[in-house]
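Reviewing the structure listed below.
Residue numbers (our numbering): -12 to 115.
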């Protein structure tokens, strides 16, 4: 029996909840002949995302789904948000050389209502 992709995600308590900091994760995923670059940046609240579970989740969701990249990125964002409820989150998904020879980069962002630290966010370097 295999677990669903969303069930691969897990979290752990944030021991530095009283601090504002960012967590950045990048990963290349190669399901079949496709090449995806994934990027995640978030400002944690109560929970941190388990990196091992994220890797398994990405492999599953990008291998098993035939949806457009623009749809997948929103599914990924929602699944991660459901797991850790960060103060702020930004997710990138880049697809290299799709079947039409195009390179795609889609970015989505969300934040908790009322959370705002645009000065900190403006200082973040590019993730790719």
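Where is the CB? At the ideal position from N, CA and C, for every residue including glycine. Computed from a prediction, not measured in an experiment: that's the story for all the values here.
Mind checking which residues open and close the alpha helix (DSSP H) that includes residue 66?
56 to 71
Once the 5 residues before and after residue 71 are set aside, which same chain residues still bring their CB inside 6 Å of it?
-2, 34, 36
What is the DSSP secondary structure of residue 94, counted as helix, strand or coil?
strand
Please state whether DSSP places residue -11 in a helix, a strand or coil.
Note that residue -11 has pLDDT 42, beneath the 50 cutoff, so the model's placement of it is unreliable and the number below is only indicative. In the structure shown, residue -11 sits in coil (DSSP, three-state: anything other than H, G, I, E or B).
Can you give the Cα-Cα distance for residue -9 and residue 104, rounded to whole angstroms?
The straight-line gap separating the alpha-carbon atoms of residue -9 and residue 104 is approximately 35 Å.
Determine the DSSP secondary structure at residue 35, reduced to helix, strand or coil.
strand
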